[in-house]
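S.K.: Those letters in the sequence shown? Residues 22 to 332, by my numbering.
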Amino acid sequence: MEVSVICCGTMAMCPHPTYGEPDDEESIAAVHAALDAGVNFFDTAEGYGDGYAEDILGRALEGKREEAIVATKVSRANLCGPDLTGACERSLQRLRSDYVDLYQVHWPNHDVPFSETAGALEDLREQGKLRAWGVSNFGRLDLSDALEVGRPVANQVPYSLLWRAVEHEITPVCVAQDVSIVCYSPLAQGVLTGKFRNADEVPEPRKRARYCKGAAMALSFAVVDELRSISLEIGESTADIALAWVLARPGVAAAVAGARDRDQVADNAAAGNLELPAGVVERLSLASQPLKDALDANPDMWQEGAESRYR
């Protein structure tokens with residue numbers, strides 16, 4: 022499947038403590054604007070607002086379904102064979118479609134053998150209800166387990182200038198096994214857009230990420246300062262530069278940029294056409310290296326140590 026490098030994320034299109042209440046009509050208009058801007062890749066999940074985001078995307082794509090590549094996710098509670106099949110059927114109903122292009126396991130569930138999950142996914146693929154399947158939030162061990170029993174085409178993980186933990190162990194496996202990396206939170210929940218001038222301006226709901234904890238916050242804003250400097254030098258927005266940087270990383274196929282209105286979609290789409298000079302990519306990599314070094318190799322953006330959901 023040929024996907025646009027910018028993927029329109031839909032989490033912000035449902036009620037969410039970080040983003041507030043959405044405007045459904047504006048969300049639908051944002052999907053149409055994405056298609057008009059050349060973005061054909063849309064990411065959602067049954068867990069986003071208990072199906073709310075899937076329903077909005079389905080409404081938006083009525084009459085336009087063939088123009089889009091739709092990715093949705095099955096929750097970790099539904100990974101047993103019959104449960105997964107039922108979850109897929111419900112997602113299809115909300116999406117108003119008879120197939121999903123990319124069906125992703127949202128989080129691993131170590132109580133269910135992945136061979137069972139992979140078998141159910143393959144059954145659905147053979148029935149034509151999905152074109153391909155992938156995983157999300159799979160660390161090195163979980164991804165290796167999945168590769169032993171099937172062929173996930175993609176792994177969706179958090180990845181940005183402020184969160185490079187995936188480079189330690191996940192990127193090498195994905196590159197070696199030809200598993201596309203799809204990045205979520207590539208703008209670090211808005212921190213990399215330049216909208217916050219300092220740490221005090223970051224809203225509390227957005228401070229739960231580990232790059233906003235303790236000493237990491239100062240290192241994060243050192244990256245933001247360098248991003249602002251480069252923005253002034255080359256005349257591109259900080260958000261576009263941050264997206265272009267992550268798209269230039271090894272193994273990355275697309276970046277999921279959330280949007281809930283037409284203007285955000287247009288801004289995000291522009292980043293897909295921005296090719297940064299090699300020197301700028303290197304400057305940003307060097308600027309974010311101290312933060313990468315200060316954080317550990319745990320790819321869980323929110324939970325540390327034994328609480329990490331990655332393995």
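For each residue, glycine too, the CB sits at the ideal point set by N, CA and C. None of the values given here were measured: they were computed from a predicted structure.
Could you tell me if Glu325 is buried or exposed, where buried requires 16 or more neighbouring beta carbons within 10 angstroms of its beta carbon?
M.R.: exposed
S.K.: Please say whether Thr259 and Arg270 have beta carbons closer to each other than 8 angstroms?
M.R.: No. Outside cutoff.
S.K.: State the Cα-Cα distance for the pair Pro179 and Ala186, rounded to the nearest angstrom.
M.R.: 9 angstroms
S.K.: Let me check understanding here. Comparing Cα to Cα, which of Gly72, Arg172, Gly102 and Leu182 lies closest to Leu268?
M.R.: Leu182
S.K.: Would you call Ala55 buried or exposed, if buried means 16 or more other Cβ atoms sit within 10 Å of its Cβ?
M.R.: buried
S.K.: Roughly how far, in whole angstroms, is the beta-carbon of Met322 from the beta-carbon of Trp184, given that I think they are within contact range, below 8 angstroms?
M.R.: About 6 angstroms; that satisfies the 8 angstroms criterion.
S.K.: What's the C-alpha gap between Val203 and Asp76?
M.R.: 22 angstroms
S.K.: Using a 10 Å radius around the Cβ and a threshold of 16 neighbouring Cβ atoms, would you call Asn219 buried or exposed?
M.R.: exposed
S.K.: Check the C-beta distance from Ser165 over to Val194 and give it rounded, since I have them as a contact under 8 angstroms.
M.R.: 7 angstroms
S.K.: By the DSSP assignment, the beta strand (DSSP E) with Ala153 in it spans what residues?
M.R.: Leu151 to Ser157
S.K.: Less than 8 angstroms between the C-beta atoms of Val244 and Ala308, yes or no?
M.R.: In contact: Val244 and Ala308 (Cβ atoms closer than 8 angstroms).
S.K.: Could you tell me whether the Cβ atoms of Phe159 and Pro134 are closer together than 8 angstroms?
M.R.: no
S.K.: Taking 7 angstroms as the limit between beta carbons, can you name the residues of its chain near Leu115, skipping five residues before and five after?
M.R.: The displayed chain sequence assigns Arg, not Leu, to residue 115. Correct list, in chain order: Gly72, Glu75, Asp76 and Gly79.
S.K.: Taking Cβ positions, are Ala287 and Ala58 nearer each other than 8 angstroms?
M.R.: It is a contact, given that the beta carbons lie within the stated cut-off.
S.K.: Quick check on His127: buried or exposed, where buried means 16 or more other Cβ atoms within 10 Å of its Cβ?
M.R.: buried
S.K.: Only counting the same chain, and skipping five residues up and downstream in sequence, which positions put a Cβ closer than 6 angstroms to that of Met238?
M.R.: Ala220
S.K.: When the distance is taken between beta carbons, is Ala265 closer than 8 angstroms to Tyr232?
M.R.: no
S.K.: In terms of DSSP beta bridges, what is Cys204 paired with?
M.R.: Val178 and Ala276
S.K.: Could you work out which residue in Gln177, Arg97, Leu82 and Ala89 is closest to Glu67 when comparing CA atoms only?
M.R.: Arg97
S.K.: Beta-carbon separation of Val170 and Ala141 under 8 angstroms?
M.R.: Contact flag unset, no.
S.K.: Classify Gly79 as helix, strand or coil using the three-state DSSP reduction.
M.R.: helix
S.K.: Compare the C-alpha of Ile49 against each of Glu83, His37, Gly41 and Tyr40 and name the closest.
M.R.: Glu83
S.K.: What residue does the beta strand (DSSP E) around Ala92 start on, and which one ends it?
M.R.: Ile90 to Val95
S.K.: What are the partner residues of Trp184, as DSSP defines its beta bridges?
M.R.: Ser181
S.K.: Which whole runs of the beta strand (DSSP E) in the stretch 265-323 are 3 residues long or more, in chain order?
M.R.: 273-279
S.K.: Enumerate in chain order the residues of its own chain whose CB-to-CB distance from Leu123 is below 6 angstroms, with the five nearest sequence positions on each side excluded.
M.R.: When the five nearest sequence neighbours on each side are left out, the beta carbons in the same chain lying within less than 6 angstroms of the beta carbon of Leu123 are those of Ala92, Ala153 and Gly155, in order along the chain.
S.K.: Determine the direct distance from the alpha carbon of Lys216 to that of His53, and round the result to whole angstroms.
M.R.: Counting only the Cα atoms, Lys216 lies some 25 angstroms from His53.
S.K.: Tell me, please, which residues DSSP counts as bridged to Cys28.
M.R.: Phe62 and Val277
S.K.: For Ser112, count neighbouring Cβ atoms within 10 angstroms of its own Cβ and tell me buried if that reaches 16, exposed if not.
M.R.: buried
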